[in-house]
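*Asks:*
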Amino acid sequence: MVRGGRSRTVATSVGRGDCLPIHVCLQVRDRDCLPVHARRPSDRDCLPVHTRRPSDRDCLPVHARRPSDSATFVFFLTTRGKIDPSPASRYITTLVHAHIPGPVDAWRDFPVPVRDLLFDMFTRRFAFTRPKDLPRARAVWEITAQTNLRKSMWEVRDKAMKTTGNRDPMAWVDYGPVWMRRDYWESLCKRWAAGPWQQRSQAAIRNRATQSEKNVHTSGSVSYATHSKKLHHDLECAPTFCELFDRTHKRKGTDDYVTESAHTITETYDRTMAERYTEGTPQPDLDADAWVEAAGVPRKGRVYGFGDSLDTHRVLSSYASSIAPPAHASSSSALPVSGEEDIRGIIRKELRAELQTQREELQTQLVELQTHRVEIETQRVQLQTQFNDMVQQFISIMQGVRPTQPAAQV
């Protein structure tokens, strides 16, 4: 965490030809002054310019525009490698929106120099508070930017589809987001209307339809850690795990769970806790074994009901110890192998899932490359045809023959 030191405020109101978002107020110290290109960037340092003035909801957060003289922006990583608090993640989205390099809808299409500059702009406002986060800082930042951009693209497509009442992307041309240039948006609509993208979209829809209903919750985009803080403020005490689970899995204003699965898991957990802890016996805030028994075994390091920001170490450790073989055994008796086989089975299952994911990503990239190759070949044929026509006209002119006019196409 950056502490101490004299600070000063550098305020700038930038226009269409500058790099930083509009009306940015940066808090810097004398010895941490921004580079020259951050105050008045040269042409070679400029990122693509915002197409038009963003609305209030697209501007930087208030605390980012007007920090206090001694402001320190906390930035750390959760146990699952997520950026917290949420203002830091939202600021990444703001930077990405303000510097879209072209008609791109995926983070992998951003040039590396643009990524480097965006990361540099982010680290000028947010500093890590834990040294252990430094080695994976850039990797987590990249993943967050990728996830936020993918979510933004889904939101703008969904909004355009609902506004027009049409699933054809070509009908969305006039309903692009305020943070993207119109020509970029038109190019993306043409790409989305093409066959390969539509095939991937339908495949993704089918995959989501086959997923378990346990993925449904009512927390929205707010992290579980933020819900826990709000609940702590409302209850004036630290909430229990069950209280937090009810907060994120019950419909607002009712006592109904969002899915039947959540209701069944809660009932099973309460019944197990009542059997394990008789009346008058103190109960822990969370019995990891009972929760795994009710909600199911962790998958890919995820524990149902914990989200991405809660610490799952206790549950994962309890589950690992429950399936591990005994630490010691008699030399005259055979070693039990069921626990070892269970662990190997879990590892094989995880590897198969990871390989399947990589295979799907490679197939998607292959389809994109094939589409790109077809587009290039089409352009090459068109250019070759134009060149042949120009050569023919030039030869006709040199020979004094009037070039024939092409027949009108019906």
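First residue of the sequence shown: 1197, per my numbering; consecutive thereafter. We put the beta carbon where it would ideally sit given N, CA and C, even for glycine.
(1) So, using beta-carbon positions, are Thr-1464 and Ala-1490 closer together than 7 Å?
(2) Given that a residue counts as buried once 16 or more other Cβ atoms are within 10 Å of its Cβ, and exposed if not, what is Ala-1458?
(3) Measuring straight from C-alpha to C-alpha, what distance separates Lys-1446 and Thr-1455?
(4) I need the DSSP call for Ala-1302, collapsed to helix, strand or coil.
(5) Whether or not the region 1282-1294 and the region 1330-1347 are in contact is what I'm after, with contact meaning three or more pairs of Cβ atoms, one per stretch, closer than 8 Å; do they touch?
(6) For His-1428 and Ala-1434, what's the separation of their Cα atoms in angstroms?
(7) State the DSSP-derived secondary structure class of Phe-1583, mapped to helix, strand or coil.
(8) Any idea what DSSP makes of Ala-1356, helix, strand or coil?
(9) By a C-beta neighbour count over all protein chains shown, 10 Å radius and 16 as the cutoff for buried, is Met-1317 buried or exposed?
(10) Could you tell me which residues DSSP pairs with Lys-1328 in its beta bridges?
(11) Tell me which residues share the same chain as Asp-1364 and place their Cβ nearer than 8 Å to its Cβ, disregarding the 5 neighbours each side in the sequence.
(12) Pick from Lys-1425, Asn-1362, Phe-1324 and Lys-1386: whose alpha carbon is nearest that of Ala-1284?
(13) Could you compute how far the alpha carbon of Leu-1314 sits from the alpha carbon of Pro-1373?
(14) Can you tell which of Ile-1461, Ala-1470, Asp-1451 and Ser-1424 has the C-alpha that lies nearest to the C-alpha of Gly-1492?
(15) Counting pairs of Cβ atoms below 8 Å between the region 1355-1370 and the region 1302-1314, do you hit three or more?
(16) So if DSSP puts Tyr-1453 in a beta bridge, which residue, or which two residues, is it bridged to?
(17) Can you give the Cα-Cα distance for Thr-1574 and Glu-1338, rounded to whole angstroms?
(18) Could you tell me the alpha carbon to alpha carbon distance between Gly-1449 and Arg-1443, rounded to whole angstroms?
(19) Roughly how many angstroms lie between the CA atoms of Arg-1569 and Tyr-1287, to the nearest whole one?
(20) Mind checking which residues open and close the alpha helix (DSSP H) that includes Trp-1375?
*Replies:* To lay it out plainly:
(1) yes
(2) buried
(3) Cα to Cα, the separation comes out at about 9 Å.
(4) In the three-state reduction of the DSSP assignment, Ala-1302 falls in the coil class, being assigned neither a helical nor a strand state.
(5) yes
(6) 5 Å
(7) helix
(8) helix
(9) buried
(10) Bridge partners of Lys-1328: none, in fact.
(11) Ala-1389
(12) Phe-1324
(13) Using only the alpha carbons, I get a separation of about 21 Å.
(14) Comparing Cα-Cα distances from Gly-1492 to each of Ile-1461, Ala-1470, Asp-1451 and Ser-1424, the minimum goes to Ile-1461.
(15) no
(16) Lys-1446
(17) 34 Å
(18) 11 Å
(19) 36 Å
(20) It is not in any alpha helix (DSSP H) - Trp-1375 carries neither H nor E in the DSSP assignment.
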